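Visitor: With UniProt numbering applied, the sequence shown has no gaps in its numbers, which climb one by one up to 301 at the end. Even for Gly, the Cβ is constructed at its ideal location relative to N, Cα and C. The model shown is predicted, which means the values in this text are computed figures rather than measured ones.
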Amino acid sequence: MLVIMAGIFWGTQGIFVNKLGETGFSAMDIAAIRVVGTGIIIFFVILAVKRELLRIQVRDIWIFAGSGLLSIIGFNCFYYMTIRLTSMSVAAVLLYISPAVVSVLSGILFREKMTLRKLIALISAFAGCFFVSGVLGGENTVTFQGVITGVGAGVAYALYSVFSSIGLKKGYHPVTVMTYTFLIGGAGILFLCRPAEIVAVSGKDGGLMLLETGFILISAVVPYFLYTVGLKYMEAGKAAIMASTEAIAATLFGNIFFHEKLTVHIILGILAVVFSIIVLNVNLQMRRKSVVQTEIQSNGS
Numbered sequence: 001m002l003v004i005m006a007g008i009f010w011g012t013q014g015i016f017v018n019k020l021g022e023t024g025f026s027a028m029d030i031a032a033i034r035v036v037g038t039g040i041i042i043f044f045v046i047l048a049v050k051r052e053l054l055r056i057q058v059r060d061i062w063i064f065a066g067s068g069l070l071s072i073i074g075f076n077c078f079y080y081m082t083i084r085l086t087s088m089s090v091a092a093v094l095l096y097i098s099p100a101v102v103s104v105l106s107g108i109l110f111r112e113k114m115t116l117r118k119l120i121a122l123i124s125a126f127a128g129c130f131f132v133s134g135v136l137g138g139e140n141t142v143t144f145q146g147v148i149t150g151v152g153a154g155v156a157y158a159l160y161s162v163f164s165s166i167g168l169k170k171g172y173h174p175v176t177v178m179t180y181t182f183l184i185g186g187a188g189i190l191f192l193c194r195p196a197e198i199v200a201v202s203g204k205d206g207g208l209m210l211l212e213t214g215f216i217l218i219s220a221v222v223p224y225f226l227y228t229v230g231l232k233y234m235e236a237g238k239a240a241i242m243a244s245t246e247a248i249a250a251t252l253f254g255n256i257f258f259h260e261k262l263t264v265h266i267i268l269g270i271l272a273v274v275f276s277i278i279v280l281n282v283n284l285q286m287r288r289k290s291v292v293q294t295e296i297q298s299n300g301s
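So, in structure tokens, the structure goes:
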């Protein structure tokens, strides 16, 4: 449930990206607002509430550097470029090559098995995302540049699941992983954006600052926390598939705020993604029941 909720919150990104883009900010500038703002907020909250969560081993810096520099920066920049080049729905479907990437990398790094159930869910999620985007039977036109940036976003997005899982397996708290991911990512993205321009434009408009704050909290702080915590209770491959609810949310938000059409293909896509989530959840529920029954039998004997 936590991962599904994270996907819905992530689906709001296109709303903010389009609004902020109207002010003249580039995709890099918009990504910087989200990444730097999130890092600052999380850091000071943890510093005030539970500063021991900021302790890490120097030898593990590579984990947070990977999730921050490769995943967070890459995902934000490529995803926002894709939204601007195509649409919210097309960007969402291209983003969701990530479940396949996560499943492959998880099999290599964590020895997670590619079961028949997971494969069915993966195929269903992919089919659903393609229908939702309108790529199958729809009216959207995808440019080559849009495809390249979308694929880049999908690969970068997948890496967050991988690096986060490594950090969690080493015993780090989800908040610790998220904090250093955004701090390092925020430091790195400053070299790719226009910090002075962002500060100058934002400082003159209170409404714009409010929009940026909502962008940071709604599309980053809350969903990344939910997703990172969710990784503690399931395999990275399954989490990535379940988070594909972002594609549904992005399409619905696009329809509501930007009058993108809600067609039969979109409805079919929603049903396909929901089916993939049900397939995964049934498996999880059966596993929990099996564990409970085993414990009862053990206690009884």
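#1: Looking at the unbroken alpha helix (DSSP H) that takes in Glu197, where does it start and where does it end?
#2: Where in the region 15-68 do unbroken runs of the alpha helix (DSSP H), each at least 4 residues long, occur, reported from the N-terminal end onward?
#3: Going by DSSP, what residue range makes up the alpha helix (DSSP H) through Lys169?
#4: State the start and end residues of the unbroken alpha helix (DSSP H) segment that holds Leu190.
#5: Just to confirm, are Gly7 and Leu85 a CB contact at a threshold of 7 Å?
#6: Count the other CB atoms within 10 Å of the CB of Glu22; is the residue buried (16 or more) or exposed (fewer)?
#7: Kindly list the residues whose CB is nearer than 6 Å to the CB of Tyr224, restricted to its own chain and excluding five residues on each side of it in sequence; keep chain order.
#8: Ile15: which of Thr263, Ile218, Ile120 sits nearest, CA to CA?
#9: Against chain C, with Cβ distances strictly below 7 Å, would Pro174 count as a contact?
#10: Do you know how far the Cα of Ala31 is from the Cα of Asn76?
#11: Could you pull the start and end residues of the alpha helix (DSSP H) that Ser89 belongs to?
#12: Should Ser67 and Phe191 be called a contact, given that it needs their Cβ atoms to be closer than 7 Å?
#13: Please confirm whether Ile72 and Val17 have their CB atoms less than 7 Å apart.
Guide: Working from what's here:
#1: 195-203
#2: 27-49, 61-65
#3: 144-169
#4: No alpha helix (DSSP H) contains Leu190, which DSSP labels as neither H nor E.
#5: no
#6: exposed
#7: Met178
#8: Ile218
#9: Of the protein chains in this structure there is only one, and it is not chain C.
#10: 5 Å
#11: 88-95
#12: no
#13: no
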